[in-house]
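Heads up, the thing below is written out as structure tokens.
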Amino acid sequence: MSDRMEKTEQQWREQLTDEQYRVTRMKGTEPPFTGEYVDCKDDGIYRCVCCGNELFDSGTKYDSGSGWPSFFEALDDDRVRTEVDLSHGMRRVEVLCGKCDAHLGHVFDDGPHPTGKRFCINSCALNFDERGDE
Ligand code: FE
Numbered sequence: 008m009s010d011r012m013e014k015t016e017q018q019w020r021e022q023l024t025d026e027q028y029r030v031t032r033m034k035g036t037e038p039p040f041t042g043e044y045v046d047c048k049d050d051g052i053y054r055c056v057c058c059g060n061e062l063f064d065s066g067t068k069y070d071s072g073s074g075w076p077s078f079f080e081a082l083d084d085d086r087v088r089t090e091v092d093l094s095h096g097m098r099r100v101e102v103l104c105g106k107c108d109a110h111l112g113h114v115f116d117d118g119p120h121p122t123g124k125r126f127c128i129n130s131c132a133l134n135f136d137e138r139g140d141e
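If you want my numbering, it's the position in the sequence shown, counting the first as 1, plus 7.
Given below as structure tokens:
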């Protein structure tokens, strides 16, 4: 995965819903416990809603109680990239799509074994593909 996908803000705006655009292109956050994948336990792959990049496997999803879909690791290290985010008076680590730079959420160090990571991801930044659908 080294392909990049770049589009203009106008193209993203046309492709995405208002909420998807606000979260992924403007670094927004969906309200907790509202996203469609918070409690999803189905078997499959979560993709970037913007570019289709495969990001997370359902086998790494767990119930963090945060109100957002939570994963203990990305499908591969290069599927996502991170940046320090000092907004809102906090120091957090932002998670972005490695292919299209969509804002996905943040990663914290309070996750479960084996990685200790909690990728806290907005549902509306994701599209779920159930395994066996292909
Ligand atoms: Fe993407």
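Ideal placement from N, C-alpha and C gives every residue a C-beta, glycine not left out.
Treat the numbers as computed from the prediction; the structure is a model and nothing was measured.
Look up residue i in the DSSP assignment and say whether it is helix, strand or coil.
i    : result
C131 : helix
R29  : helix
T24  : coil
M8   : Note that M8 has pLDDT 49, beneath the 50 cutoff, so the model's placement of it is unreliable and the number below is only indicative. In this structure, M8 counts as coil in the three-state DSSP scheme.
D136 : strand
E101 : strand
T15  : coil
Measure the CB-CB distance between residue i and residue j and report whether it falls below 7 angstroms.
i    : j    : result
S71  : R11  : no
K106 : N134 : no
K14  : H110 : no
Y69  : P119 : yes
D49  : E137 : yes
What is the C-beta distance between residue i and residue j, in whole angstroms, given that I count them as a contact (C-beta under 8 angstroms)?
i    : j    : result
I128 : V102 : 7 angstroms
V56  : T89  : Not quite, the Cβ-Cβ distance comes to about 19 angstroms (not below 8 angstroms), so this is no contact.
P39  : S73  : 7 angstroms
Residue i bridges to which residues according to DSSP?
i    : result
C55  : L133
R125 : F115
S77  : Y69, C127
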